[in-house]
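Trainee: In our numbering, the protein residues as written are 1023 to 1281.
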Amino acid sequence: MLLRHDRLSSDALRELATGKVLALHVPEYHAPDLCTEIVERILDGMGKGYRRIYESNVRAFTETRGDAETRRAYLATAIEVMAEIRRSCHPLASPVDRLRCELDELWPGGACLLRLEENALVFGMVRVWRGGAQAHPHLDVLRESAPDVRDAAGFTEQLGVNIYLRMPAQEHDSEGALELWDFGLMDEAVIGRSSWGTYGYRRETLPNPTIRIRPAVGDLIILRTTRLHAVQPTCDGERITLSGFIGCSGPDEPLRLWS
Ligand SMILES: O=C(O)CCC(=O)C(=O)O
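(1) Provide the residue(s) that pair with Gly1266 in DSSP beta bridges, ordered along the chain.
(2) For the beta strand (DSSP E) that contains Cys1256, what are its first and last residues?
(3) With distances taken from CA atoms, which of Ala1211, Arg1081, Met1189 is nearest Leu1097?
(4) Grouping DSSP H, G and I as helix and E and B as strand, with all else coil, what is Met1189?
(5) Unbroken beta strand (DSSP E) runs of length 3 or more, entirely within the segment 1048-1088: which are they?
(6) Using a threshold of 8 angstroms, is the CB atom of Ile1268 nearer than that to any non-hydrogen atom of ligand 1?
(7) Just to check my reading of the structure: Leu1245 and Gly1182 have Cβ atoms closer than 8 angstroms, yes? What is that Cβ distance to the nearest angstrom?
(8) In terms of DSSP beta bridges, what is Val1148 paired with?
(9) Mark Thr1058 as exposed unless 16 or more other C-beta atoms lie within 10 angstroms of its C-beta, in which case mark it buried.
(10) With a CB to CB cut of under 6 angstroms and the five nearest residues on each side skipped, what residues in its chain are close to Trp1151?
(11) At the level of alpha carbons, what is the spacing between Arg1094 and Phe1083?
(12) So is the beta-carbon of Val1253 under 8 angstroms away from any non-hydrogen atom of ligand 1?
(13) Check this for me: beta carbons of Val1253 and Leu1187, under 9 angstroms apart or not?
(14) At a threshold of 8 angstroms, does Gly1146 count as lining ligand 1 (C-beta to nearest heavy atom)?
(15) Which residue or residues does DSSP assign as beta-bridge partners of His1160?
(16) Please go through the same chain and pick out, in chain order, the residues whose beta-carbon is closer than 6 angstroms to the beta-carbon of Arg1149, but skip the five residues on each side of it.
(17) Along the chain, where does the alpha helix (DSSP H) containing Ala1034 start, and where does it finish?
(18) Quick check: does the Cβ of Ala1191 come within less than 8 angstroms of any heavy atom belonging to ligand 1?
(19) Measuring CB to CB, does Ala1191 end up less than 9 angstroms from Asp1274?
(20) According to DSSP, is Ala1175 part of a helix, a strand, or is it coil?
(21) What number of angstroms, rounded off, separates the C-alpha of Ala1168 from the C-alpha of Val1061?
(22) Is it true that the CB of Leu1202 sits closer than 9 angstroms to the CB of His1251?
(23) Take Ala1175 and list the residues in its own chain whose beta-carbon comes closer than 7 angstroms to its own, dropping the five residues that flank it on each side.
(24) In chain order, what residues of the same chain have a beta carbon less than 7 angstroms from the beta carbon of Glu1106, not counting five sequence neighbours either side?
(25) Between Cys1111, Ser1196, Ile1185, Pro1130, which lies nearest to Ile1235 when the distance is taken from Cα to Cα?
(26) I want to check one thing, is the minimum distance from the CB of Ile1233 to the heavy atoms of ligand 1 below 8 angstroms?
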């Protein structure tokens, strides 16, 4: 159910895209000491940011739905948001740019940014979890949350990517842990149990997660977001990630990337 490899591979991506595994864990995808170096600069470049369950440098694309002005602003600044991350990592490559290259090289149909009316979406948003921030068990399915995005209708799987730049101290085992259940939208354990619109499910109605991972600094985790997943509270310190999504529409189609 959980693959652990020292690098990304075509086989691992195929197993994720076809639902054979729940997640892929690549320890130290980015050197931990370099994460410590770039994270301060990334935080400095974030400005005021946005507040959701976490703080971020840009809104999640799905938050722009139904508000033409917010969406226009998102699309107008997307390239600059990605350039700012690149600047923060300079003179080294940003881990999220490296990931984009590897996805393009390894997937038979290549990989490219998801575009809306010819405008690129952001891939690689900064998420800062602190002060008890957590994600209740939830699913992320663009087809459901943004039905106006034409490409999303063809997605047969959606993956979430997270590169962990900072993690709370290891003293508390569950602090900031990622949990995964092998349940999707149509599973009995999930149907009718949503307690906050389509966003979250109550943990106490679910069995123990199939997988619980406590990522370390520098790790990359790619998970199927069409299966239930959650993030345990970060109370002590900060949990900072570069995060995005991958839409899969079959091996010959390009992977589409956004955040
Ligand atoms: O930060 C993580 O480990 C997972 C975040 C999450 O819930 C997601 O990517 O959908």
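Think of the CB as a built atom: it goes at the ideal place given N, C-alpha and C, for glycine as much as any other residue.
Here the structure is a predicted model, which means the values were calculated and not measured.
Mentor: According to the structure shown:
(1) Here residue 1266 refers to the residue found at position 244 when the sequence shown is read from its first residue. Gly1266 pairs with Val1183.
(2) On the sequence shown, residue 1256 is found 234 positions in, with the first residue counted as 1. In the sequence under discussion, the amino acid at residue 1256 is Thr, which differs from the Cys named in the question. Taken as a continuous stretch (DSSP letters only), the beta strand (DSSP E) holding Thr1256 covers 1251-1256.
(3) Along the sequence shown, one-based indexing puts residue 1097 at 75. Scanning Ala1211, Arg1081, Met1189 for the CA closest to the CA of Leu1097 turns up Arg1081.
(4) Here residue 1189 refers to the residue found at position 167 when the sequence shown is read from its first residue. Met1189: coil per DSSP, three-state reduction.
(5) Whole beta strand (DSSP E) segments, 3+ residues: zero.
(6) To locate residue 1268, count along the sequence shown from 1; it is residue 246. It does not: the Cβ of Ile1268 is nowhere closer than 8 angstroms to a heavy atom of ligand 1.
(7) Residue numbering aside, residue 1245 sits at position 223 when the sequence shown is read from its first letter. Residue numbering aside, residue 1182 sits at position 160 when the sequence shown is read from its first letter. Contact between Leu1245 and Gly1182 holds: their C-beta atoms lie close to 5 angstroms from each other, under 8 angstroms.
(8) Position 126 of the sequence shown holds residue 1148. For Val1148, the pairing in a beta bridge is given by DSSP as Leu1264.
(9) For the purposes of this step, residue 1058 is taken as residue 36 along the sequence shown, with counting starting at 1. Per the 10 Å Cβ criterion, exposed.
(10) The residue given as residue 1151 occupies position 129 in the sequence shown. Within the same chain, Trp1151 has close Cβ partners Tyr1076, Thr1256, Arg1261.
(11) On the sequence shown, residue 1094 is found 72 positions in, with the first residue counted as 1. On the sequence shown, residue 1083 is found 61 positions in, with the first residue counted as 1. It is roughly 11 angstroms from the alpha-carbon of Arg1094 to the alpha-carbon of Phe1083.
(12) Numbered from 1 along the sequence shown, position 231 holds the residue referred to as residue 1253. Relative to ligand 1, Val1253 has its C-beta within less than 8 angstroms of a heavy atom.
(13) By one-based count along the sequence shown, residue 1253 stands at place 231. By one-based count along the sequence shown, residue 1187 stands at place 165. The answer is no: Cβ separation not under 9 angstroms.
(14) The residue you call residue 1146 lines up with position 124 of the sequence shown. No - ligand 1 has no heavy atom lying nearer than 8 angstroms to the Cβ of Gly1146.
(15) On the sequence shown, position 138 is the one that residue 1160 refers to. Partner(s): His1251.
(16) By one-based count along the sequence shown, residue 1149 stands at place 127. Excluding residues within five positions, the ones whose Cβ falls inside 6 angstroms are Tyr1076, Ser1078, Thr1263, Ser1265.
(17) Within the sequence shown, numbered from 1, the residue matching residue 1034 stands at position 12. 1032-1039 is the extent of the alpha helix (DSSP H) around Ala1034.
(18) For the purposes of this step, residue 1191 is taken as the residue at position 169 of the sequence shown. No, since every heavy atom of ligand 1 falls outside the 8 angstroms radius drawn around the Cβ of Ala1191.
(19) Sequence index remark: in the sequence shown, residue 1191 carries index 169 (1-based). Sequence index remark: in the sequence shown, residue 1274 carries index 252 (1-based). Taking 9 angstroms as the cut-off, the beta carbon of Ala1191 is found no closer than this to the beta carbon of Asp1274.
(20) On the sequence shown, residue 1175 is found 153 positions in, with the first residue counted as 1. Here Ala1175 sits in helix by DSSP.
(21) Here the question's residue 1168 lines up with position 146 in the sequence shown. Here the question's residue 1061 lines up with position 39 in the sequence shown. Spanning the alpha carbons of Ala1168 and Val1061 requires a straight line of approximately 31 angstroms.
(22) In the sequence shown, residue 1251 corresponds to position 229, counting from 1. In the sequence shown, residue 1202 corresponds to position 180, counting from 1. Between His1251 and Leu1202, the C-beta gap is smaller than 9 angstroms, which places the two residues in contact.
(23) Taking the sequence shown and counting its residues from 1, the one referred to as residue 1175 is at position 153. Within the same chain, Arg1165 come within 7 angstroms of Ala1175 by CB-CB distance, once the 5 residues on both sides are set aside.
(24) If you number the sequence shown from 1, residue 1106 lands on position 84. If we look at Glu1106 and ignore the five residues flanking it on each side, its Cβ neighbours are Gly1067.
(25) Start at 1 with the first residue of the sequence shown, and residue 1235 comes out as number 213. Residue Ser1196 holds the alpha-carbon nearest to the alpha-carbon of Ile1235 among Cys1111, Ser1196, Ile1185, Pro1130.
(26) Counted from its first residue, the sequence shown places residue 1233 at position 211. Checking every heavy atom of ligand 1 against the Cβ of Ile1233, none is found closer than 8 angstroms.
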